[in-house]
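In terms of our numbering, the sequence shown opens at residue 53 and continues consecutively. First comes the structure, then the notes that go with it.
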Amino acid sequence: MANKQQSSFTLAFVAAALILLAGQVTARREIIEVKGRGVTDPILEAKLIDMLEETERTKDKVPVLGNSEMVKYCDNAYGMSIGNLKKALGMLQRGIKSPQGFKELEAIVLVVMKAYEECDHVFAENAKPSPFGISNTKLKSLGTKCKQYAEEDAKQN
Numbered sequence: 053m054a055n056k057q058q059s060s061f062t063l064a065f066v067a068a069a070l071i072l073l074a075g076q077v078t079a080r081r082e083i084i085e086v087k088g089r090g091v092t093d094p095i096l097e098a099k100l101i102d103m104l105e106e107t108e109r110t111k112d113k114v115p116v117l118g119n120s121e122m123v124k125y126c127d128n129a130y131g132m133s134i135g136n137l138k139k140a141l142g143m144l145q146r147g148i149k150s151p152q153g154f155k156e157l158e159a160i161v162l163v164v165m166k167a168y169e170e171c172d173h174v175f176a177e178n179a180k181p182s183p184f185g186i187s188n189t190k191l192k193s194l195g196t197k198c199k200q201y202a203e204e205d206a207k208q209n
C-alpha cells in the first residue's frame, strides 16, 4: 500500500513539474517572439506602455479640472510627455543595438519625469495641492523603473 501511495505522489510531482516547465517554455517562446519583431527588452517595453497609458489617462482628466494656467501647464507637459514616450517606444520597437541608444531612451524618460515634477511644482508655487499629485507619483515611479531597465540594457549591449 505504501508503495502505491509513493508512486502516485511521484507521479503528481512529475506532472506538476511538467506543467511548470511547459509554462516557462511558453513564456520564453513569447519573449523570443517579441524580441524577434525588434523589441530589445519586452519588460522595458511593457513599462513604457504602462507609463504612456497612465499619462494619457491623466491628461484625459484635464478638461474636468478647469482652465487655470496651472492646469494648462500640466496639460502641455502631459502632451509633450506622450509624444516623448511614443518616440521612446518606437526606438525600442525598432530595436536598440547600442548602449548609446539606451542612454538616449533613458534621457527621454528623464525629460518626461521632469515634466511630471514640474507639473506638481507649478501648483506648489501657488500654494495649491496638485490634483495630479497621485498620478504624477505613480508616473515617476514607472519612470524610475524604465530608467533602471534602460541602464541595465545599456550595460548588457
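Here a beta-carbon is modelled for each residue, glycine too, at the ideal position from N, C-alpha and C. The structure displayed is predicted, hence computed values, not measured ones.
Backbone CA spacing between E158 and G118 [nearest angstrom]: In a straight line, the C-alpha of E158 is about 33 Å away from that of G118.
Residues near I160 by beta carbon distance below 7 Å, same chain, minus five either side: Exclusion of the five residues before and after I160 leaves N136, K139 and A140 as the residues of its chain whose Cβ lies within less than 7 Å of its Cβ.
Reduced DSSP secondary structure (H/G/I, E/B, other) of G142: Secondary structure at G142: helix, using DSSP grouped into helix, strand and coil.
Between the CA atoms of T189 and K166 - distance to the nearest angstrom: Between the C-alpha atoms of K166 and T189 there is a straight-line separation of about 12 Å.
Outcome for P183 when other beta-carbon atoms lying within 10 angstroms are tallied against a minimum of 16: Buried.
CA nearest to the CA of V164, picked from Y130, K149 and Q152: Among Y130, K149 and Q152, the Cα nearest to that of V164 is on Y130.
Beta-carbon gap between L194 and E106 smaller than 8 Å: Yes, Cβ-Cβ distance for L194 and E106 is below 8 Å.
Three-state secondary structure assigned by DSSP to K197: If DSSP states are grouped into helix, strand and coil, K197 belongs with the helices.
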